[in-house]
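Quick mapping for you: the protein sequence lines, in order, are chains B and L. Add 734 to the 1-based position in the first sequence for the working numbering, that's all there is to it. Add 87 to the 1-based position in the second sequence for the working numbering, that's all there is to it.
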Amino acid sequence: EDQVTQSPEALRLQEGESSSLNCSYTVSGLRGLFWYRQDPGKGPEFLFTLYSAGEEKEKERLKATLTKKESFLHITAPKPEDSATYLCAVQVGTDKLIFGTGTRLQVFP
Amino acid sequence: NAGVTQTPKFQVLKTGQSMTLQCAQDMNHNSMYWYRQDPGMGLRLIYYSASEGTTDKGEVPNGYNVSRLNKREFSLRLESAAPSQTSVYFCASSGALGVDTQYFGPGTRLTVL
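Take a look at the structure:
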């Protein structure tokens with residue numbers, strides 16, 4: 735069964751304290767892996783797409799990496815405005831985007 | 088560009104009532120989607136439309152119907168609302184099915200009493 739698991743469920747960081755969020759997947763036929771950010775009461779906001787193992791993408795303090803079994807979202811020197819829920823999703827086939835349940839990140843000043 | 092817009096933002100229904108959630112996109116995307124998001128669960132696909140004139144069931148289609156009105160608009164209808172349909176509903180669109188990134192609207196928070 736296709737499955738996406740995100741860990742940890744929640745993460746509290748001090749401002750400037752770098753860390754990583756994990757997205758592990760067991761799917762047949764990965765076509766792409768997506769990272770989204772979701773603020774309370776808002777829709778998911780696209781961050782990155784990764785297509786193949788070894789690929790990396792960066793945006794400001796965020797860096798996403800992909801292996802054959804998992805993806806990491808590294809957050810370097812986070813700020814309070816990085817507080818949000820981060821969602822991982824895996825594209826399988828043409829009509830199936832499987833979402834994880836997300837990691838809720840809180841960054842304190 | 089507004090991206091993906093949804094109306095209404097909030098709605099409260101009584102069991103058995105019907106309503107339609109509206110979604111529109113101005114990105115000239117071919118594919119559109121309806122998801123629901125419940126606490127402790129990932130976003131789940133209800134219905135999708137690969138292109139104008141086509142619709143298909145997703146993971147959780149029971150109790151819902153959809154209409155792809157034109158290339159821009161994709162509506163979701165609840166014919167007889169049930170408390171189990173209390174959720175946050177998101178519409179999304181992408182350039183093409185299964186290839187391009189999906190972009191999401193702001194959501195509709197629905198409560199069924």
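Glycine included, each C-beta is placed from N, C-alpha and C at the ideal position.
Going by beta carbon distance, what residues of the same chain come within less than 8 Å of residue i, once the five residues before and after it are set aside?
i                      : result
residue 230 of chain L : No answer is possible for residue 230 of chain L: it lies beyond the span of chain L, which begins at 88 and ends at 200.
residue 840 of chain B : 744, 745, 746, 747 and 817
residue 812 of chain B : 747, 749, 750, 751, 752, 753, 795, 839 and 841
residue 803 of chain B : 758, 759 and 760
Excluding the five sequence neighbours on either side, which residues of its own chain have a C-beta within less than 6 Å of the C-beta of residue i, listed in chain order?
i                      : result
residue 125 of chain L : 174
residue 783 of chain B : 766 and 768
residue 799 of chain B : 790 and 806
Using only the alpha-carbon positions, how far apart do residue i and residue j sit?
i                      : j                      : result
residue 830 of chain B : residue 760 of chain B : 14 Å
residue 189 of chain L : residue 814 of chain B : 27 Å
residue 805 of chain B : residue 145 of chain L : 25 Å
residue 114 of chain L : residue 742 of chain B : 34 Å
residue 157 of chain L : residue 773 of chain B : 30 Å
residue 164 of chain L : residue 108 of chain L : 6 Å
residue 809 of chain B : residue 138 of chain L : 37 Å
residue 793 of chain B : residue 160 of chain L : 32 Å
residue 757 of chain B : residue 834 of chain B : 8 Å
residue 770 of chain B : residue 196 of chain L : 20 Å
residue 88 of chain L  : residue 738 of chain B : 32 Å
residue 781 of chain B : residue 112 of chain L : 19 Å
List the whole-angstrom C-beta distance separating residue i from residue j, where the pair is believed to meet the contact cut-off of C-beta under 8 Å.
i                      : j                      : result
residue 135 of chain L : residue 143 of chain L : 6 Å
residue 119 of chain L : residue 171 of chain L : With 8 Å as the limit, residue 119 of chain L and residue 171 of chain L do not qualify as a contact, their Cβ atoms being about 24 Å apart.
residue 121 of chain L : residue 153 of chain L : 6 Å
residue 740 of chain B : residue 837 of chain B : 5 Å
Does chain L have any CB closer than 8 Å to the CB of residue i?
i                      : result
residue 760 of chain B : no
residue 813 of chain B : no
residue 768 of chain B : yes
Using a Cβ-Cβ distance cut-off of 8 Å, determine whether residue i contacts chain B.
i                      : result
residue 130 of chain L : yes
residue 95 of chain L  : no
residue 102 of chain L : no
residue 193 of chain L : yes
residue 127 of chain L : yes
residue 108 of chain L : no
At 9 Å on the CB atoms, spell out the chain A contacts of residue i, in chain order.
i                      : result
residue 143 of chain L : Chain labels in this structure do not include chain A; the protein chains are B and L.
Return yes when at least one heavy atom of the ligand FMN lies under 7 Å from the C-beta of residue i, else no.
i                      : result
residue 173 of chain L : For the structure depicted, the ligand FMN is absent and the ligand set is empty, with no information on it obtainable.
Here's a check: name, in chain order, each residue in its chain whose Cβ is nearer than 7 Å to the Cβ of residue i, leaving out the five neighbours to either side.
i                      : result
residue 131 of chain L : 122, 123, 146 and 147
Name, going along the chain, the residues of the region 824-841 of chain B whose beta-carbon falls closer than 8 Å to a beta-carbon of chain L. Close to chain L, meaning a Cβ-Cβ distance shorter than 8 Å, are the following residues of the region 824-841 of chain B: 825, 827, 828, 829, 830, 831, 832, 833, 834, 835 and 836.
Handout entry: Where the region 778-802 of chain B meets chain L: residues whose CB sits under 9 Å from a CB there
Key = For the region 778-802 of chain B, the set of positions with a beta-carbon nearer than 9 Å to some beta-carbon of chain L reads 778, 779, 780 and 783 in chain order.
Which residues, in order along the region 167-182 of chain L, keep a beta-carbon less than 7 Å from a beta-carbon of chain B? Listed by position along the chain: 177.
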